[in-house]
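What follows is one structure encoded as C-alpha cells, with my remarks underneath.
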Amino acid sequence: MERIPFCLFTPPQKGKKIVWEITSQCNMQCKHCCSNAFNSQIVSLNEFIFLNQKLLERRINEMVSFGIKEFYISGGEPFLVKNIFEFLKSLKRKNTKVSIASSGYFLKENVIKKLSNLKINLLHISVDGHLARIHNSLRGGNFFNRIIKNINLMKKYKIPLRIGCIIWRENENHLEEMVKLCTKLEIEELRFSWLVRVGRFKKHPELYPKRKRLAIFKEIKNLQEKYRNNIKITAHRMAGAEYNNISQLCPAGDKLFFLNPSGKLSPCSWIAKIDSKLLTKKSLKETDIATLTNSKEFLKFKKIIKERRNKDFKGCPFIAKYQNGSYYSNDNLLN
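Structure representation (C-alpha cells):
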C-alpha cells in the first residue's frame with residue numbers, strides 16, 4: 018500500500034505552506050461548514066484581503082521571503098471576493114504554487130478563462146453526492162447542476178482539478194456512484210474526506226455516517242484498486258494505511274501555517290477552529306509573518322509539540338485534542 022503523510026494538510030517537501038482563508042462569507046449555508054461561513058454574497062470590508070494593495074503586496078513579499086512556497090486559498094467562498102484576481106496575480110508573480118478551494122458555483126466561463134491564463138496549480142471543487150438531491154441537501158440550495166456545468170468548462174480549459182467529497186449520511190452507501198460520476202467527468206483526482214465536529218457540523222450530528230469508519234475505508238481501498246486505471250482516489254486519515262514518519266514533529270508552525278480572514282495567524286487551520294488561544298492576537302494588519310510566528314501563541318504551541326515529542330505521543334496533535342480532549346495523547350488512528 019502507498020505510504021502517505023499523516024497530516025491533514027500535506028506540507029511541501031521544500032519550503033512552507035500557508036492555508037489562507039481569505040473570506041468568511043459564502044453564498045451557501047452548508048450544514049457541515051467547518052468555518053461557520055456566513056450565508057451572504059456581500060464580503061465584509063474588514064477582512065484582511067481588502068486592505069490597501071500596497072500593504073497586501075508587502076505582506077505577500079514578506080511571506081515569500083519567510084519561505085512560503087505554496088498558498089492554499091479557501092473561505093467561505095473565495096470567488097465572492099471582487100479583487101480576487103489581482104490577489105491571485107500577486108501570488109503567481111512570486112513563482113509560488115497556488116491552489117484554490119471553491120464550491121464551483123461562481124466559476125463561469127469568463128472566470129475560468131482568467132484562472133487558465135494565470136496557470137492556477139489546482140482547483141479543489143466540492144461535490145458531496147452523485148445526485149443533485151444529495152449534494153443540494155447538504156449545501157442548502159439548488160447548486161448541483163450549475164456546478165457540474167462549470168466543471169465541464171474547467172475541463173475544456175485544462176485547469177488541474179480535484180473533486181472533494183465529504184462522506185456523510187446520504188452518500189455513505191453511494192461512494193462508487195461518486196467515483197463513476199468523476200470518471201464520466203474525466204476528473205484526475207477524487208478526494209474523500211471525513212466530517213469533523215467543528216463549526217456548524219456540531220449542530221448537525223445527524224449527518225454523521227451510520228456505517229463503521231473502518232468499513233468505509235475498506236470500500237475506498239477496494240475502489241482505489243478497481244478504478245486505478247481511470248482515476249486517482251485519495252482519502253486522508255485512512256485507518257489501516259501505512260503512514261510516513263508518524264513519530265515526526267507536527268509540521269504546523271514550522272512548515273505549515275493558517276491565516277484567517279482578519280489576518281491572524283495560527284500554526285494550523287484545524288487547531289485554530291478548536292483552540293482560539295493558539296490564534297495570534299495581532300494580525301498582518303499590524304506586523305509581518307515572521308514576527309507573528311514568534312508570538313506567545315506560537316511559543317505555546319511549540320511547547321506543546323516539544324512535550325508531545327518528549328512523551329512520545331505520535332501523530333496529529335489536532336486529532337489527539339479533538340478525539341481525546343488533550344494534546345498530550347496519541348492520535349488514535351495511528352494506534
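Residue numbers for the sequence shown follow our numbering, beginning at 18 and rising by one. Using N, Cα and C, we set each Cβ at its ideal position, and we do this for glycine too. The structure displayed is predicted, hence computed values, not measured ones.
Non-local beta-carbon contacts of K328 in its own chain, meaning distances under 8 Å to residues more than five positions away in sequence, involve Y345 in chain order.
Taking a contact as a CB-CB distance under 8 Å, the pair L212 and I183 counts as one, their CB atoms being some 6 Å apart. With contacts defined by Cβ atoms closer than 8 Å, K33 and F330 do not form a contacting pair. Taking 8 Å as the upper bound for CB-CB distance, L105 and L135 are in contact here, some 6 Å apart. Two segments are said to touch when three or more pairs of C-beta atoms, one from each, lie closer than 8 Å; by this definition the stretch 225-236 does not touch the stretch 269-283. Burial state of P28 is buried, judged by a 10 Å Cβ sphere holding 16 or more other Cβ atoms. For K272, the secondary structure class from DSSP, reduced to helix, strand or coil, is coil. Close CB contacts of F123 within its chain, under the 6 Å cut and outside five residues either way in sequence, are with F96 (chain order).
At a cut-off of 3 residues, the continuous stretches assigned as beta strand (DSSP E) that sit fully inside the stretch 184-242 are 206-211.
Between K48 and R214, the CB-CB gap reaches or exceeds 8 Å.
Comparing C-alpha distances from K131 to each of R186, G342, M171, S300 shows the shortest one belongs to M171.
Boundaries of the alpha helix (DSSP H) around E103: 101-109. If the five residues before and after I250 are omitted, its C-beta is found closer than 7 Å to the C-beta atoms of V196, L207, I237, L240, Q241, Y244, all from its own chain and listed in chain order. When beta bridges are read from the DSSP output, T297 appears opposite no residue.
L224 is a Cβ neighbour of R186, given a cutoff of 8 Å. Residue state for T251 is assigned as strand, using DSSP reduced to three classes.
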